[in-house]
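Have a look at the structure below before the remarks.
Chains as they are written, first to last, in our numbering: chain A, 95 to 485; chain B, 236 to 660.
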């Protein structure tokens, strides 16, 4: 096969490219330039996007003897990932930009271009496995190392995209194994630190970064009964489940800690309540997509649900749940644009609603997060959490 | 690097001696240094004392802009005159000039922050002389210098520098020109051109990377950028690089010979063949820079492939006595094709091309030159530059033209980054 290896400059994508070469594929390396103003040197635990990272990727490609290019996707990335991130927060939601990047950049804009330029697939250094069913259809499964498993952030991929993806390190037993292999191959990136932070927020301070982009309007903090408990500097920097930094002087009647249980950017209100109020029993997701079988083939419809597991964060444990379909919605209305200055929240297509009921109530569920539906190790599909019903 | 330049370089690297030392070895080195200086000066129509060796074109540009701007402001302050914050440059300068000028805006050299004025160009990338005249006349006493490149590195347009010098000198304003791209492609005569400072680089003509010069009128003493032992008229400190200077001289003489032995003329004809071929094989391609597509009498399908066939009468660079486009430069917009895609496909087909001027990460960005010429951001992303060399053959040009339509079709299918990808949900 002709494979385009996306090389971030990190150890995982380096080993992924190397394994694709070893497997006898014709491999070309490409580093995606995602920032208009790339930093010169890596800082903290950001994993890509600086000139140093680009050079690291180039060095590995050189060692592998494969052609290497840097492609500029910065415009697309700004529009689809960075601006979306800001608009989601401005709408009181908590987005996952890495999923958005996979959905719109790596496995969309890049894959599109790769196929048009004559490649058969795009390879990345994700810890996830593609298993071919007997009829050849690709199934997306968790990576062999459950501590590193990244199938969650790939949950947005459809069978058409999966047919052109390969994850050469997904079957690795551990990150340590991948690092050891990089060492053995003499890659200069073998000991490069793992990346955790959002790549476009240089110092990792999301709140300060957002405050710069979304004009802050002071507003009220209320309890669930509507009583005013204090003031906030701007509702959109609060996340459901948050406990610290609320600045409420008056203690709760029962003396227990209070949590953010709701953020309403329209009313510019933050609602707080006891931990019990965070418990969520039902979730409603929009922008649903299916990684494998279409829902009808799995017996999922508006009337009948199926038993499976749902995971609501990249590193959360999956929980048993029952999943069925809701109505088809045109779009999610945007929040009123008025207070938000340069960022105009956009209405977004909603599509088929995914309904989920969990057996044991979940806490810390924020609208905007993605819920990925699994059965065992297999990813069935995903949806963006839009509404929650408290237990 | 040719064998001749390489052996001249290598021979000097074996020698020891610091030209600034007073013992016999040092004196020998000084002789070789001055010989190189005289040879470079001779090639570009300057006096030896006007050659200030630098570590390349970028340093020469930095020294010219920063040094002259600071000196002009220092002199104004000393004479009790108002400051001269205005720096006039064309909108299509190389980054070495552009970024330096922007830096002057942010730093108070000579006690004053610069006011940067970008002089516009027309669709072909040629300086708008009327606009330049107006900008100069607007506040000549507040202007420190004017800098316009001799020929653009991306679209190849030769600039009306002589006319610009006349306009600026009428107000006593010094003119700098970045001639890095022009050296070896156009006859250079510092004295006849009339500019006050001219940047050169050795590696563009097959000399070593890391060697260049600022040709500097004797009457100018810019404030140094590099301070130290006071070498090079006190303007550029640092131990003199005899080997680099000697190799530069050898390369400059060889480049000058190419101007008269038919090599450059042959390159210009190949360029015309390439541009006409691009216009023919990719009908919606837009050739940038000064260029008129040949009419019916021009190149058409099945023509002979003799390299020395006279170029079509209306071809680029032949309408006037002096060339209007660099002979080695061909550049075009391929609408709907990402430059990155074109570069990849051409590279795979064995052709080394470029998307514009690369930044240090090797990332292509919409070119500021194309934008200044009035092209859209998408058009500016859809470019490809083809540089010809003295060894380029007519067969190579024809082979490129043979693969180009397929390359363009495929790149177009891959689409523009600005378009929504088809997978997007």
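Beta carbons: idealized from backbone N, C-alpha and C, even for Gly.
When burial is assigned at 16 or more other CB atoms within 10 Å of the CB, is residue i buried or exposed?
i: residue 190/A; result: buried
i: residue 84/A; result: This structure cannot speak to residue 84/A, because chain A is shown only from 95 to 485.
i: residue 242/A; result: buried
i: residue 285/A; result: exposed
i: residue 502/B; result: buried
i: residue 352/B; result: buried
i: residue 416/B; result: buried
i: residue 101/A; result: buried
i: residue 360/A; result: exposed
i: residue 301/B; result: buried
Report yes or no: is there a C-beta of chain B within less than 9 Å of the C-beta of residue i?
i: residue 169/A; result: yes
i: residue 166/A; result: yes
i: residue 214/A; result: no
i: residue 130/A; result: yes
i: residue 140/A; result: No answer about residue 140/A holds up, because its pLDDT of 49 lies below 50 and its placement is not dependable.
i: residue 207/A; result: yes
i: residue 210/A; result: yes
i: residue 486/A; result: A question about residue 486/A goes unanswered here, because the residues of chain A that appear run from 95 up to 485.
i: residue 477/A; result: no
i: residue 302/A; result: no
i: residue 101/A; result: no
i: residue 203/A; result: yes
i: residue 122/A; result: yes
Return no unless some Cβ of chain A is closer than 9 Å to the Cβ of residue i.
i: residue 650/B; result: yes
i: residue 244/B; result: no
i: residue 620/B; result: no
i: residue 337/B; result: no
i: residue 389/B; result: no
i: residue 589/B; result: no
i: residue 373/B; result: no
i: residue 236/B; result: no
i: residue 293/B; result: no
i: residue 617/B; result: no
i: residue 583/B; result: yes
i: residue 580/B; result: yes
i: residue 653/B; result: yes
i: residue 660/B; result: Bear in mind that a pLDDT of 47 at residue 660/B, under 50, signals an unreliable position, so the model cannot answer this.
i: residue 240/B; result: no
i: residue 646/B; result: yes
i: residue 600/B; result: yes
So, residue i versus residue j, is the Cβ gap smaller than 9 Å?
i: residue 335/A; j: residue 460/A; result: yes
i: residue 281/B; j: residue 440/B; result: no
i: residue 437/B; j: residue 479/B; result: yes
i: residue 652/B; j: residue 469/A; result: no
i: residue 233/A; j: residue 385/A; result: yes
i: residue 483/A; j: residue 473/A; result: no
i: residue 412/B; j: residue 384/B; result: yes
i: residue 308/B; j: residue 379/B; result: yes
i: residue 524/B; j: residue 560/B; result: yes
i: residue 418/B; j: residue 399/B; result: no
i: residue 250/A; j: residue 321/A; result: no
i: residue 108/A; j: residue 164/A; result: no
i: residue 581/B; j: residue 638/B; result: yes
i: residue 610/B; j: residue 642/B; result: no
Short of 6 Å in beta carbon distance, which residues of its chain neighbour residue i, apart from the five on each side in sequence? Order them along the chain.
i: residue 448/A; result: 379, 382 and 477
i: residue 420/A; result: 447 and 449
i: residue 402/B; result: 368 and 371
i: residue 195/A; result: 175
Who are the near neighbours of residue i in its chain, counting only those whose CB is closer than 8 Å to its CB and skipping five residues on each side?
i: residue 188/A; result: 182, 333, 334, 460, 461, 462 and 463
i: residue 255/B; result: 261, 265, 464, 466, 474 and 475
So, for residue i: in the same chain, excluding its five sequence neighbours on each side, which residues have a beta-carbon less than 7 Å away from its beta-carbon?
i: residue 363/A; result: 313, 314, 316 and 329
i: residue 366/B; result: 354 and 355
i: residue 257/A; result: 232
Kindly say whether residue i, judged by its beta-carbon, lies nearer than 9 Å to any beta-carbon of chain E.
i: residue 222/A; result: In the structure shown, chain E does not exist; the protein chains are A and B.
Short-range partners of chain A found in the stretch 563-575 of chain B, where Cβ spacing is below 9 Å: The stretch 563-575 of chain B vs chain A, Cβ under 9 Å: 573, 574 and 575.
Selection of the stretch 443-454 of chain A by Cβ proximity to chain B, strictly under 7 Å: The residues in question: there are none.
Near-chain A residues of the stretch 485-515 of chain B (beta-carbon distance less than 9 Å), N- to C-terminal order: Cβ contacts with chain A: none found.
The stretch 629-643 of chain B: positions lying closer than 7 Å to chain A by Cβ: Across the stretch 629-643 of chain B, no CB contact with chain A closer than 7 Å is found for any residue.
Cβ-based contacts, 8 Å cut-off: residues of the stretch 367-398 of chain A near chain B: So the close ones are 381 and 383.
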